[in-house]
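Asker: In this text, residue positions in the sequence shown follow my numbering: the first is 2, and each later residue adds one.
Beta carbons are placed, not taken as given, at the ideal position from N, Cα and C, and that holds for glycine.
These figures come from a predicted structure and were not determined experimentally.
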Amino acid sequence: MVFEIIGAEAQRQFSETQGSFIRNRLQHIGVPDVDKIDNLNVPIIINQKRLGGNARSTVGTATDIYASLRLLFSRMGTLFR
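1. Note down, in chain order, each residue of its chain lying with its Cβ closer than 8 Å to the Cβ of L70, except the 5 sequence neighbours on either side.
2. Please report the straight-line C-alpha distance between G78 and A63, rounded to a whole angstrom.
3. Starting from T62, follow the alpha helix (DSSP H) in both directions and report where the run begins and ends.
4. Give me, in chain order, the residues of the same chain whose beta-carbon lies closer than 6 Å to that of L27; leave out the 5 immediate sequence neighbours on both sides.
5. When you compare only the Cα positions, how much space is there between I7 and L72?
6. Using the beta-carbon count (16 or more within 10 Å), is A68 buried or exposed?
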């Protein structure tokens, strides 16, 4: 259900916010067979399969956002003692 309905609708709503140049290059997602879905944020959907050779891989390492978050917290974080 998550991939077919919620994921498809979130991806469709996200692609509607993009310009026509980007929208033409994205995969076409049809409207899911639901009555109504409101206030849906853009999700990060990752299949439940092994991400690589390391068993300690996380969503952050799989999506390459880990390095950006480390940089953000190092620059914007507050040290408490």
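Answerer: Per the coordinate set shown:
1. G61
2. Taken atom to atom, the span from the alpha-carbon of G78 to that of A63 is near 23 Å.
3. 60-63
4. S16
5. 31 Å
6. It counts as exposed.
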